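J.: So the first sequence is numbered by our numbering: it starts at 334 and just counts up by one. Following this message is one structure expressed as structure tokens.
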Amino acid sequence: MSGKARYNGKESFAEWQKEWALEDRYNFRTIEDKWQKIWDDEKAYKVEIDKSKEKFYALVEFPYPSGAGLHVGHPRSYTALDVIARKKRMQGFNVLYPMGFDAFGLPAENYAIKTGVHPAVSTKANIETFTRQLKSLGFSFDWDRCISTCDPEYYKWTQWMFIKLFEKGLAYKDKIAINWCPSCKVGLANEEVVNGCCERCGAQVVRKDKEQWMVAITKYADRLIDDLDDLDFIDRVKSQQVNWIGRSEGAELDFELCGEDGTALKKKMKVFTTRPDTAFGVTYMVMAPEHKLVSELVSKFSNADEVQAYVAETAKKSDLQRTMDDSKTGVELKGIKARNPFNNTLIPVFISDYVLTGYGTGAIMAVPAHDQRDYDFAKKFNLPIIQVLEGGDISEKAWEEDGAHINSGFMNGMNKEDGMRAAIDYATKNGFGNSKINYKLRDWVFSRQRYWGEPIPMVYCEHCGWQPIPESELPLTLPEVPDYHPNDEGESPLSKAGAWLETTCPKCGGKARRETDTMPNWAGSSWYFLRYCDPHNDKEFASKEALEYWMPVDWYNGGMEHTTLHLLYSRFWHKFLYDCGLVPTKEPYCKRTSHGMILASNGEKMSKSRGNVVNPDDIVAAYGADTFRLYEMFIGPFDQVAMWSEESLMGVYRFVGKVFALFKKVMKDVKPSDKDLRAMHKCIKEVTERIDQMKFNTAVSALMSYVNYLSDKQEIAPELYETLIKLLCPFTPHLAEEMWARMGHNTLAVKESWPQFVKELAEDNVVTIAVQLNGKMRGTIEMPKDAAKDEVEKAAFALENVQRQTEGKEIRKVIVVPNKIVNIVAA
RNA sequence: GCAGGCGUGGUGAAAUUGGUAGACACGCCAGACUUAGGAUCUGGUGGCGCAAGCUGUGAGAGUUCGAGUCUCUCCGCCUGCACCA
């Protein structure tokens, strides 16, 4: 550390202090610039492995460096974990709190298409802006560990891990429907489809099958559910992940298809059902319009034209539109029937878009009496409804509760459990079905026909099929391309990369062609927390030593919107690496919390188009980083949405100014009174506990109450003020540093130790007890803490109000809750 | 549609997890002060009422000595839905 920087060019600390004494206005600009520079010069937040200390790994979701710059929502999460990281550091932990950039993505590419600016150029500029903005807020990131997913030294390892997935059979190619704009001839992201039309040209978007790289996350479905048990994730994250994976137990059953007259077509229609026991109530069957049996059997349909028209119509709808639509549509496949294997009846077969190809087998047996969607469909198409579970009235709606089986042959009288078992046994014995576990979770579509992403390190050889490129050729860097549009077949812009495409097969040495698809954003963000542990390693993605010291992440905070995608993908990815013996823990994150969004003052989302965006730069310029940080912590409950309010921010600004001004009342020789110490210890206790619980808003309230208490005093003992500085340090580090120095210290406040509270002093020795009569408040009594029950009761009855209102009444019961309440029940 | 969440003064909210509803702020009202500042300080501020008191946590019911908190029904709002990240 350089004395020059510390004393701002002055020879001695005393000289510098003298200069301050003249300045009694809170000048955040000078203070913040000064301390940011000192922290930077001294690398105050640089962290290394130190086995003598307990580690703490705090992580926030790294941002996508958009052209719009930092949003006021970003610092909510970053400040929160900065507060936690700083407190942990003061408590003696070796804290890793890193930051980086999730830098590949669609917006940079669209910007390139529009302007011709290479995504690497615009991304670099955006990262610089973000870095400047983040640094202006005084976060305690170890900037030496900053990473970017678009850096070849980083994505080398993303590609390396993909090859591992391929080698273990978890990456494969499959046909998947994409959004296709027939006019632009491009595949569109969901976000680029507006009301079923192309965002750029307005043409009707259709679904089109395309070969894509897939990753078999479903193979990990059970472990992704089961291992949640041992994790400290907030409940709504856990339940949302469990529901997203959507495990359900049931059966797969085969229904024979036949002609109208019952002649077998030698085709089976496989369905998944969670209620095979209701099979006697099946009155029709439904396939998704894309189901392959539809095209295979098209010659058998007497209404083939109608069927094909419906299939074409369905291609225009997304899965989301299909499930959201209430009105059931569909077409009967005239000319064929299905045979119910349980009772041999022939039933009609339909196609309808309420059945999706992606879930189960893409076909269902419909039980209209006991499923509302089937019921609606049956009513619309005048299909029979047969009740097989006792209990409800099915004249108006489906009966979706349980009941004993009726009209169900061998299952009659059985409950759900027995019925399920009997139905599956029957199906197994007769060879038309078996029990089956199904998931809503689908395998991960890993291909993008885009430029600005990691190239998929695979080559295709006529003889050997798909082969990964040798490790020595990694990273496979993005080639330059003449333009960033996909080609007319919708192939990635990389298909125009000329000579880059041609290579040799790593297996047979023959001619081979490179994969032109790139990876999705989620790839790079699936393992970035591992790279932070050892970001400059060029031999491995991170050393074993670094991983064993730093992993797992102790506390990970991020948005709810990432719960089902990023958070699940990265848990899966990590488990895969664990299975390969590459990481020491089976889960990446011990604790996961989530912050609420910050909305504009009118409750709307902040957006450029609405013109209600608050730029963090303006706030820092007008009020300073400390006020900004403290306001974001005070704005409301951390896990809920909050509305931006410059008036509330002003209140916080006043508070910060008050803390600054309070310094003048600090007198060297004043000793704290017992009451002072109680106030101080209470504040330490509340701030300490509330930070751990992420109740930042009430932690700030506690600080405000303490400052109000100190403000009422004429003279303040140094101990009281220094404790305040330390407690404020995680929230307003610049101010804390400044006041710490003004108190005459030449150490850094951020490296001081966190104050401890004495339990006895943090609690009041006199308590106010509420006195109720029949549950209604009638007054309060002051009692020493833990006073005897009968003493409390006596004092309660002594209240004038109580005497008056109990006069002539019978006292039936007196409830005394120690230190809290006395309730007298009288009549 | 499915899934998760939220609902308390004029506003943001708090409530030791079943025990004094509205802490801490914003705003507002009244007053003080003057280096006229984005001031600062003091007092007040859920509603009705002169008061005693009554009433009050989206609506309705229930459990309890006691419910913002637990249970059920209903209403409203927000978020996500797999190629935005």
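The beta-carbon is built from N, C-alpha and C at its ideal position, and this holds for glycine as well. Given the structure is predicted, the values throughout are model-derived calculations rather than measurements.
What would DSSP say about V953, mapped onto helix, strand or coil?
T.: Helix at V953.
J.: Counting along the chain, where does the alpha helix (DSSP H) carrying A755 start and finish?
T.: That run of the alpha helix (DSSP H) goes 749–762.
J.: Would DSSP call F361 helix, strand or coil?
T.: F361: helix per DSSP, three-state reduction.
J.: For the 8 Å Cβ check, are there 3 or more pairs between the stretch 895–909 and the stretch 937–947?
T.: As far as the Cβ criterion goes, the stretch 895–909 does not touch the stretch 937–947, which means the pair count is below three.
J.: What does the alpha-carbon distance come out to for the pair M620 and F683?
T.: Between M620 and F683, the C-alpha separation is close to 6 Å.
J.: What residue from T1031, F566, A1095 has the CA that sits closest to K1015's CA?
T.: Nearest C-alpha to K1015: A1095.
J.: Quick one: grab the DSSP three-state call for F463.
T.: Reduced to three states, the DSSP call for F463 is helix.
J.: Assuming the contact rule is C-beta atoms closer than 8 Å, A1069 and A1050 should be a hit. Round their C-beta distance to whole Å, please.
T.: In fact, because the Cβ distance is near 18 Å, the residues do not count as touching under 8 Å.
J.: Taking only the alpha-carbon atoms, compute the straight-line gap between N1152 and Q1136 and give it to the nearest angstrom.
T.: Between N1152 and Q1136, the C-alpha separation is close to 21 Å.
J.: Does the Cβ of P826 have 16 or more other Cβ atoms within 10 Å, making it buried, or fewer, making it exposed?
T.: P826 comes out buried.
J.: Would you kindly check if the distance between the Cβ of I550 and the Cβ of W777 is under 8 Å?
T.: Their beta carbons are under 8 Å apart, which means W777 touches I550 by this criterion.
J.: Can you look up C517 in the DSSP assignment and give me helix, strand or coil?
T.: C517: coil per DSSP, three-state reduction.
J.: Let me check understanding here. Comparing Cα to Cα, which of E665, A648, V615, T656 lies closest to V631?
T.: For V631, the nearest C-alpha among the options comes from E665.
J.: Across which residues does DSSP place T851 in a beta bridge pair?
T.: According to DSSP, which records beta bridges pairwise, T851 is partnered with R781, P788.
J.: On a Cα-Cα basis, can you pick out the residue from C913, L915, T1031 that is closest to E965?
T.: That would be T1031, whose Cα lies nearest to the Cα of E965.
J.: Here's a check: name, in chain order, each residue in its chain whose Cβ is nearer than 6 Å to the Cβ of L590, leaving out the five neighbours to either side.
T.: So the qualifying residues of the chain are L598, K600, M602, I669, A671.
J.: For the beta strand (DSSP E) that N771 lies in, which residues bound it at each end?
T.: 766–771 is the extent of the beta strand (DSSP E) around N771.
J.: Taking the C-alpha atoms as reference points, what is the distance between V604 and T448?
T.: If you take the alpha carbons of V604 and T448, they lie about 50 Å apart.
J.: If contact is defined by three or more beta carbon pairs under 8 Å, each pair taking one atom from either stretch, is the stretch 853–864 in contact with the stretch 883–903?
T.: They touch, by the three-pair rule.
J.: Judging by CA-CA distance, which residue of L503, G592, G969, V538 is the nearest neighbour of K552?
T.: Minimum Cα distance to K552 is reached at L503.
J.: Look at the alpha carbon of S805 and the alpha carbon of Q492, and state the distance between them as a whole number of angstroms.
T.: C-alpha separation (whole angstroms): 12 Å.
J.: Is T647 helix, strand or coil when you go by DSSP?
T.: It is helical.
J.: Contact defined as beta carbons within less than 8 Å: I believe L1043 pairs with L995. What is the distance between those atoms, to the nearest angstrom?
T.: At roughly 6 Å, the Cβ-Cβ gap stays under 8 Å, so L1043 and L995 are in contact.
J.: Just to confirm, is the Cβ distance from G746 to E734 under 8 Å?
T.: Result no, Cβ atoms of G746 and E734 do not sit closer than 8 Å.
J.: Could you check what DSSP says for Q1138 in three-state terms: helix, strand or coil?
T.: In this structure, Q1138 counts as helix in the three-state DSSP scheme.
J.: In its own chain, which residues sit with a C-beta less than 7 Å from the C-beta of D435, not counting the 5 before and 5 after it?
T.: F395, P396, Y397, T482, N854, G857, S858, listed in sequence order.
J.: Starting from G990, trace the alpha helix (DSSP H) both ways and give me its first and last residue.
T.: Segment 979–995, the alpha helix (DSSP H) holding G990.
J.: I'd like the list of long-range same chain contacts for E344, defined as Cβ closer than 6 Å, with 5 residues on each side in sequence excluded.
T.: Model confidence at E344 stands at a pLDDT of 44, short of 50, so the residue's coordinates are unreliable; what they give is reported in the following sentence. So the list is empty, once near-sequence residues are dropped.
J.: Going along the chain, which residues of its own chain have a beta-carbon closer than 6 Å to the beta-carbon of W785, five neighbours each way excluded?
T.: The answer, listed in chain order, is F437, A441, E442, P452.
J.: Between the alpha carbons of G370 and T456, how many angstroms are there, rounded?
T.: Here the sequence assigns Lys to residue 370, which means Gly is not the residue at that position. Their backbone Cα atoms lie some 26 Å apart in a straight line.
J.: Three-state secondary structure (DSSP) at I739?
T.: Here I739 sits in coil by DSSP.
J.: Tell me whether I968 sits in a helix, a strand or coil according to DSSP, three-state version.
T.: I968: coil per DSSP, three-state reduction.
J.: Kindly indicate the opening and closing residues of the alpha helix (DSSP H) around E285.
T.: Residue 285 cannot be examined here, being either before or after the span of the chain that is shown, 334 to 1160.
J.: In this structure, how does DSSP classify L325 when only helix, strand and coil are distinguished?
T.: Since the displayed the chain opens at 334 and closes at 1160, residue 325 lies outside it and no answer follows.
J.: Please classify A354 as buried or exposed, where buried requires at least 16 neighbouring CB atoms within 10 angstroms.
T.: Because the pLDDT of A354 is 48, which lies under 50, any placement of that residue in the model is unreliable, and the question is left without a value.
J.: Near A637, which residues of its chain fall below 8 Å by C-beta distance, leaving aside the five closest residues on each side in sequence?
T.: If we look at A637 and ignore the five residues flanking it on each side, its Cβ neighbours are V631.
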